[in-house]
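Chemist: Sharing a structure here in C-alpha cells format.
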Amino acid sequence: MQVSIACTEQNLRSRSSEDRLCGPRPGPGGGNGGPVGGGHLNPPGGEGSRPKARATPVPRPPAQSEALRESTGRNTGMKYRNLGKSGLRVSCLGLGTWVTFGSQISDETAEDVLTVAYEHGINLFDTAEVYAAGKAERTLGNILKSKGWRRSSYVIATKIFWGGQAETEKGLSRKHIIEEIVRAMTYVINQGLALYWGTSRWGAAEIMEAYSMARQFNLIPPVCEQAEHHLFQREKVEMQLPELYHKIGVGSVTWSPLACGLITSKCDGRVPDKCRATIKGYQWLKDKVQSEDGEKQQGKVMDLLPIAHQLGCTVAQLVIAWCLRGEGVSSVLLGVSSAEQLIEHLGALQVLSQLTPQTVMEIDGLLGNKPLSTK
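Here numbering that gives the first Met the number 0 is used: the first residue of the sequence shown is 0, the next is one more, and so on.
Given below as C-alpha cells:
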C-alpha cells in the first residue's frame, strides 16, 4: 500500500541538493516529510521525588521462532488512526527516513531501526525520492524486500517533486508523474501504483483548490497534508489544518516533533559532536541552535523539565505526546539514528494518556506562543 505525496514548487526552488526538503533554516524553507529526532532528556529527581507512574521505554519483544511478527500493534501499546477521513488506518507514530536512511546511518542500523519499528506496531514508513539523492528509497525498499513482511501489513508514503538532475526528472509535470497534480494522482491511483495521495507543505488554499478540482472533474482528492509541527511551529497544524479536516476530511501527518533535534538537553546553547547540526549540509541548523532565538527556545525546553519529571518521562517523550494530541493529526513521523532512540521515543504512547487539559494549559503557559484564532 502506498501513499504518494506531492510537494509544491513554492519555497523549494532555491534549495540546494544537499538540503532540499529539510527543515527550516534562516530564510525560506523547503518541503519535508521526515522529521529528525533529538536526544534523550532524563528528568532529575531522587528517591524522595520519584513519581508513582513512569513512562518507561517500550521493551523490544523477545525473539520468536518461525512466527511472523506483523505490524498489528498487539501488546505494544501502538494506537491507530484513520489517515484523514479515509478508511486507511495508520499507526499514530510513523517512521521517517529523511537524513538517516542512505545517509547518516548504515544500512545495517537502518534495518535494525525498521525492524524495531515494525515489531512495535509502526505500519507507516515515510520517504521521498530526493532523500539522500534516492538512496533512502532504495535502502527502505531493499530492507522491506529482505524482511518478507506481508505487503498489505504496512504503508509506504513517498513524495514527488525533486528527482534526478535532468529537467525531465523533477517537478510535477506529466512526464515526471504523469500530468497536472490532481489528474496525475488520480491516474497513479487508478493504475494501482498508489492507493491514496496527499500533499506536503501546501497552503490551506492550495489544498482546498485541489479538493475543489477533484470534485469538479470527478477525480480523487488528497487525504492528508504533511506539515512541520513542534513546540515552536504551531500555526498551520493547530489553526489551519483542523478546519480542512472537518470540512473536507484532510488529515495531518506531522514531522519534526523535536525540531530537528533542537528540543533536547543535548544542545543547551551549544552544538554537541553527534548533533545533526554537525552533519554536512546542515550549517543552517547549527546557526539556528546558536542564534538568539535558538537560545530562547532552549530555555523554554528546560522549563518543561518539571512537567516531564511529574509525568515520569523524558522531555522528548513529553513533546512527542504533545504533538500526538493535535486535532486531526493522523500520525507523527519520527526520525531516529538508532533502535534505542526509537524505543525511547515510543514511550510517548504511555505519556499521551496523562496529558490532561490542565497539563496542556501549563505547557502553553510556559511556551507563550499558542496561536490565536483570527475569527
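Virtual Cβ for every residue (Gly too), placed ideally from N, Cα, C. Predicted model only: the values in this text are computed from it and were never measured.
Let me know if D125 comes out buried or exposed under the rule of 16 or more other beta-carbons within 10 Å of its beta-carbon.
Modeler: Numbered from 1 along the sequence shown, position 126 holds the residue referred to as residue 125. Buried, since its Cβ has 16 or more Cβ neighbours within 10 Å.
Chemist: Report the CB separation of G101 from T138 in whole angstroms; it is logged as a contact under 8 Å.
Modeler: Along the sequence shown, read from residue 1 onward, the residue named residue 101 stands at position 102. Along the sequence shown, read from residue 1 onward, the residue named residue 138 stands at position 139. With a Cβ gap of about 4 Å, G101 and T138 count as contacting.
Chemist: Starting from the C-beta of K369, find all residues in its chain whose C-beta is less than 6 Å away, skip the five residues before and the five after it, and write them out in chain order.
Modeler: Along the sequence shown, one-based indexing puts residue 369 at 370. Same-chain partners within the cutoff: D363.
Chemist: Quick check on the DSSP output: the beta strand (DSSP E) that includes I188 runs from which residue to which?
Modeler: Here residue 188 is taken as the residue at index 189 of the sequence shown, counted from 1. Here I188 belongs to no beta strand (DSSP E); instead the alpha helix (DSSP H) covers 180-189.
Chemist: Rounded to the nearest angstrom, what separates Q349 and G76 at their Cα positions?
Modeler: The residue given as residue 349 occupies position 350 in the sequence shown. The residue given as residue 76 occupies position 77 in the sequence shown. Those two C-alpha atoms are separated by around 8 Å.
Chemist: Whole angstroms is fine: what's the gap from G367's alpha carbon to K295's?
Modeler: The residue given as residue 367 occupies position 368 in the sequence shown. The residue given as residue 295 occupies position 296 in the sequence shown. The alpha-carbon atoms of G367 and K295 are separated by roughly 12 Å.
Chemist: DSSP state of W254, grouped into three classes?
Modeler: Locating residue 254 in the sequence shown gives position 255, counting from the first residue. Strand.
Chemist: For the region 332-339 against the region 78-94, do three or more pairs of beta-carbon atoms, one drawn from each stretch, fall closer than 8 Å, so that the two count as touching?
Modeler: Verdict: yes, contact present.
Chemist: Return helix, strand or coil for W97, following the three-state DSSP convention.
Modeler: Position 98 of the sequence shown, counting from 1, holds the residue named residue 97. Looking at W97 - three-state DSSP - the assignment turns out to be coil, as it is neither helix nor strand.
Chemist: Whose C-beta lies closer than 6 Å to the C-beta of G202 among residues of the same chain, with five residues either side of it excluded?
Modeler: Locating residue 202 in the sequence shown gives position 203, where the first residue counts as 1. Within the same chain, G202 has no close Cβ partners at all.
Chemist: Give the straight-line distance between the Cα atoms of M184 and L192, rounded to the nearest whole angstrom.
Modeler: The residue given as residue 184 occupies position 185 in the sequence shown. The residue given as residue 192 occupies position 193 in the sequence shown. Near 10 Å, if we compare the C-alpha coordinates of L192 and M184.
Chemist: Could you please give the first and the last residue of the uninterrupted beta strand (DSSP E) stretch that includes R226?
Modeler: As a first step, residue 226 is located in the sequence shown; it is residue number 227 there, counting from the start. The residue you asked about is not Arg; residue 226 is Ala in the sequence shown. Segment 223-227, the beta strand (DSSP E) holding A226.
Chemist: Quick check on DSSP: helix, strand or coil for G248?
Modeler: Locating residue 248 in the sequence shown gives position 249, where the first residue counts as 1. Here G248 sits in coil by DSSP.
Chemist: Would you identify the three-state DSSP class for K81, choosing helix, strand or coil?
Modeler: If you number the sequence shown from 1, residue 81 lands on position 82. In the sequence on display, residue 81 carries Asn and not Lys. Residue state, collapsed to three classes: strand.
Chemist: Taking Cβ positions, are V222 and H228 nearer each other than 8 Å?
Modeler: Your numbering for residue 222 matches position 223 in the sequence shown. Your numbering for residue 228 matches position 229 in the sequence shown. In this structure, H228 does not lie closer than 8 Å to V222 by Cβ.
Chemist: Could you give the distance in angstroms between the alpha-carbon of Q340 and the alpha-carbon of S211?
Modeler: Along the sequence shown, read from residue 1 onward, the residue named residue 340 stands at position 341. Along the sequence shown, read from residue 1 onward, the residue named residue 211 stands at position 212. Taking the straight line joining both Cα atoms gives about 42 Å.
Chemist: What are the start and end residues of the beta strand (DSSP E) that includes V195?
Modeler: Residue mapping note: residue 195 aligns to position 196 of the sequence shown, counting from 1. The displayed chain sequence assigns Tyr, not Val, to residue 195. It spans 195-199 - the beta strand (DSSP E) in which Y195 sits, taken as one unbroken run.
Chemist: Spell out the partners DSSP gives F231 in its beta bridges.
Modeler: Stepping through the sequence shown from its first residue, residue 231 is reached at position 232. According to DSSP, which records beta bridges pairwise, F231 is partnered with nothing at all.
Chemist: For K369, which of helix, strand or coil comes out of DSSP?
Modeler: What you label residue 369 is simply residue 370 of the sequence shown in a count that begins at 1. Coil.
Chemist: DSSP three-state label for I219, please.
Modeler: The residue given as residue 219 occupies position 220 in the sequence shown. Residue state, collapsed to three classes: coil.
Chemist: For a test of the three-state rule: what should DSSP assign to R88, helix, strand or coil?
Modeler: Taking the first residue of the sequence shown as 1, we reach residue 88 at position 89. Here R88 sits in strand by DSSP.
Chemist: In terms of residues, what are the limits of the alpha helix (DSSP H) holding I306?
Modeler: To locate residue 306, count along the sequence shown from 1; it is residue 307. Segment 304-310, the alpha helix (DSSP H) holding I306.
Chemist: For the beta strand (DSSP E) containing L333, list its first residue and its last residue.
Modeler: Here residue 333 corresponds to residue number 334 of the sequence shown, with the count starting at 1. Its beta strand (DSSP E) spans residues 328-333.
Chemist: Can you tell me whether A156 is helix, strand or coil according to DSSP?
Modeler: Within the sequence shown, the letter at position 157 stands for residue 156. In the structure shown, A156 sits in a strand (DSSP, three-state: E or B).
Chemist: DSSP on L143, reduced to helix/strand/coil?
Modeler: The residue labelled residue 143 in the question sits at position 144 within the sequence shown. Three-state result, L143: helix.
Chemist: Quick check on the burial criterion: 16 or more other C-beta atoms within 10 angstroms. Buried or exposed for G298?
Modeler: To locate residue 298, count along the sequence shown from 1; it is residue 299. Classification of G298: exposed, given that the 10 Å Cβ count is below 16.
Chemist: Apply the 10 Å Cβ neighbour rule to R200 and answer buried if 16 or more other Cβ atoms are within range, or exposed otherwise.
Modeler: Position 201 of the sequence shown, counting from 1, holds the residue named residue 200. Buried, because 16 or more other Cβ atoms sit within 10 Å of the Cβ of R200.
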